[in-house]
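Taking it in order: structure first as structure tokens, then the write-up.
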Amino acid sequence: MSQLPRPQSQYTNHLGQPVGEPLPDWTARPGPARTVMEGRLCRLEPLQASRHADALYEAHALDAEGRNWTYLPYGPFASPEDLARWIESVESSDDPLFFAIIDLVTQQPTGWASYLRIDPTMGTIEVGHLAYSPALQRTPAATEAMYLMMRRAFDELGYRRYEWKCNSLNAPSWNAAERLGFRYEGTFRQAVVHK
């Protein structure tokens, strides 16, 4: 087995063992609320089948080959009703907590994202289930959507860690994560079975 780099710490406990930075005033953080996040280019609002399914189906239909669904555990959807049924199955979940991404120019939803693996006790939260339609991909609104979610996690809720995990073969997701400032921390081998 190859040697992994051993983390170093300048802190020790009463037994002389290396430990992480002390957080004597740390308290559990609140969970994220199912409320709107407003930006200059987009708005994130709780995902709802009755409000978003038809327009999201149309937006994702622009991906005629279905490439956007390769690394997601669901989709592509055969009809607006099929997508609506899936949204209904997740729209009341607190973890993952889904948000529709609304383009403020067109006032139409162009994708969705979620918070997941929410751990208020440790102050860690992950972003995932990013389903950006072609109209949203590689746009300033796509970047702003991630900024709004980060701002809520760090500035509003006081979380310590914000994670993004993606399939190591998903180059567009990998590139977006790096552009947004995420750092590679390792590979979770055999973590996901793909459809």
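Take the position in the sequence shown, starting the count at 1, then add 239; the result is the number in the working numbering. Think of the CB as a built atom: it goes at the ideal place given N, C-alpha and C, for glycine as much as any other residue.
{"Check": "Coarse secondary structure for Met276, derived from DSSP in three states", "Outcome": "strand"}
{"Check": "Phe338 burial status per 10 Å Cβ neighbour count (16 or more: buried)", "Outcome": "buried"}
{"Check": "CA nearest to the CA of Gly305, picked from Gly420, Ala370 and Ser407", "Outcome": "Ala370"}
{"Check": "Cα-Cα separation, Met361 to Ala381", "Outcome": "28 Å"}
{"Check": "For Cys281, the residue or residues it bridges with in DSSP", "Outcome": "Asp342"}
{"Check": "C-alpha gap between Asp358 and Ile364, whole angstroms", "Outcome": "6 Å"}
{"Check": "As assigned by DSSP and simplified to three states, the class of Arg268", "Outcome": "coil"}
{"Check": "Local Cβ density within 10 Å of Thr349, reported as buried at 16 or more and exposed below that", "Outcome": "buried"}
{"Check": "Bridge partners - Tyr250, DSSP secondary structure assignment", "Outcome": "Val258"}
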